[in-house]
Ligand SMILES: [Zn+2]
Ligand SMILES: [Zn+2]
């Protein structure tokens, strides 16, 4: 499992204390709901810049104490620590955050819309991590489950509806 600490990716400190979560029903998966530059898939430095921009938007635009997601997964099977395990996320919608951790896959509505296999593997790593360290239960759902939104987009949602299968490694590569 490849994990970047908040220090590793240059996160700003949260503006206030987190609310503790000892366990959840599971995890909800999100996408950015925005354009994602396809160049991200070729250049990991762009992933870091994108996560920092999302944190800025959540803190300065939404007025949240921190990035809303528990964890963020980029196309390179790398997990960025957001609020992390054991802390209430802010991305699922009012009243829904204590039931599920929130994991963002860095795909969007245009540009990079199809999650590469390494992103799906990274999301599965993130779910394992939240089960092990945050008491996450067995549910793996999309943001749109129980909330009016297109999130996490068709590609990720179809994968979730299929039971979030582990991608088969292409042995010709
Ligand atoms: Zn969402
Ligand atoms: Zn990356």
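In the working numbering, the protein residues as written are 224 to 396.
The beta-carbon is built from N, C-alpha and C at its ideal position, and this holds for glycine as well.
Item                                                                                                                                                                                : Value
By alpha-carbon positions, which one of 316, 302 and 390 ends up nearest to residue 345?                                                                                            : 302
Among residues of its own chain, excluding the 5 on either side of residue 232, which ones have a beta-carbon nearer than 8 Å to its beta-carbon?                                   : 271, 274, 275, 303 and 304
To the nearest angstrom, how far is the alpha carbon of residue 377 from that of residue 367?                                                                                       : 11 Å
Mapping the DSSP letters down to three states, classify residue 337 as helix, strand or coil.                                                                                       : coil
Name all residues in chain order for which at least one heavy atom of ligand 1 lies closer than 5 Å to the residue's CB.                                                            : 253, 366 and 374
Can we count residue 258 as close to ligand 2, meaning its CB is less than 7 Å from some heavy atom?                                                                                : no
Hey, would you say the C-beta of residue 339 is under 7 Å away from at least one heavy atom of ligand 2?                                                                            : no
Out of curiosity, what's the CA-to-CA distance linking residue 241 and residue 311?                                                                                                 : 7 Å
Report all residues for which the CB-ligand distance to some heavy atom of ligand 2 is below 7 Å; order them along the chain.                                                       : 263, 267, 270, 297, 298, 299 and 301
Hey, could you find the ends of the beta strand (DSSP E) residue 238 is sitting in?                                                                                                 : No beta strand (DSSP E) holds residue 238; DSSP gives it neither H nor E.
Residues bridged to residue 304 by DSSP?                                                                                                                                            : 294
Roughly how many angstroms lie between the CA atoms of residue 265 and residue 347, to the nearest whole one?                                                                       : 21 Å
Give me, in chain order, the residues of the same chain whose beta-carbon lies closer than 6 Å to that of residue 359; leave out the 5 immediate sequence neighbours on both sides. : 247, 249, 250, 324 and 353
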